[in-house]
Every structure is written in structure tokens, then in C-alpha cells.
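For the sequence shown, my numbering begins at 11 and goes up steadily by one. For glycine and all other residues, C-beta sits at the position ideal for the given N, C-alpha and C.
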Amino acid sequence: MGSKNKVKYNVGGVIVETDGSYENKFRVLRMAMDNWSKKNRNLPIDSPEGRQYGKDVDRYNKLKELFKYYAPNFLNKSKWFIKKKHMIEVNELYKRYNIN
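In C-alpha cells form, the structure reads like this:
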């Protein structure tokens with residue numbers, strides 16, 4: 011195992027510690043999105059925030075599929091490959107869901 015630094019995220023008041031890998035950062039993003047959804051469950055789905063959340067979930071699922079499909083080592087799908095433009099999208103989602 012490598013000497014990756016531990017990274018801590020505050021997701022809905024819960025501190026989540028990961029090894030900083032792309033895969034784990036992506037899991038933290040999903041946790042934050044789910045937390046947002048639970049907090050805002052009374053929002054109408056056709057509200058601007060509800061529509062944005064729906065788009066974000068669809069984009070999250072598409073990005074997850076892309077990251078796994080384009081893994082550099084096709085025998086080991088646990089290593090994800092992320093292009094710069096996709097990482098920028100993930101960073102925008104992080105900002106939208108206030109992951110810190």
C-alpha cells in the first residue's frame with residue numbers, strides 16, 4: 011500500500027476520512043449529494059434546485075461509468091482514469107454540495 015495522505019471531509023456534520031484516491035473522493039461526493047437530498051426532501055422536483063439535483067445525479071452516474079470504463083488497466087478496474095475536463099466537473103459538484 012502506498013503512503014497516501016489521509017484527507018478529511020465534513021459531510022453533513024460527519025467527518026469522513028479517506029486516502030485521497032479519486033474513487034474515494036467520488037464516494038464522498040455521492041454521500042454529500044445524498045445528504046443534500048435528505049435535507050431538501052420537501053423541495054418540489056420541478057423547482058430549480060430539484061431539477062439541478064436531478065441533473066447532477068445523472069451526471070454523477072455518467073462520470074462514474076466513464077471513470078470505470080476508461081480505467082488504464084483493464085484487468086484492474088479499481089484504478090480509475092480521470093481526464094482534466096471531468097475532474098473540473100467533479101470539482102464543480104464538490105463546490106455545489108459544499109464539501110469541505
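Under 8 Å between C-beta atoms of residue i and residue j
{"i": "Gly-64", "j": "Leu-53", "result": "no"}
{"i": "Arg-106", "j": "Asp-44", "result": "no"}
{"i": "Ile-109", "j": "Val-21", "result": "yes"}
{"i": "Leu-73", "j": "Val-100", "result": "yes"}
Rounded separation between residue i and residue j - CA only
{"i": "Leu-103", "j": "Asn-15", "result": "23 Å"}
{"i": "Ser-47", "j": "Met-41", "result": "10 Å"}
{"i": "Val-38", "j": "Val-26", "result": "8 Å"}
{"i": "Ser-31", "j": "Val-17", "result": "9 Å"}
Buried or exposed (CB count within 10 angstroms, at least 16 for buried), residue i
{"i": "Lys-35", "result": "buried"}
{"i": "Lys-94", "result": "exposed"}
(request) Can you check the stretch 18 to 88 for any beta strand (DSSP E) of at least 3 residues that lies completely inside it and give the ranges in chain order? (result) 24 to 28
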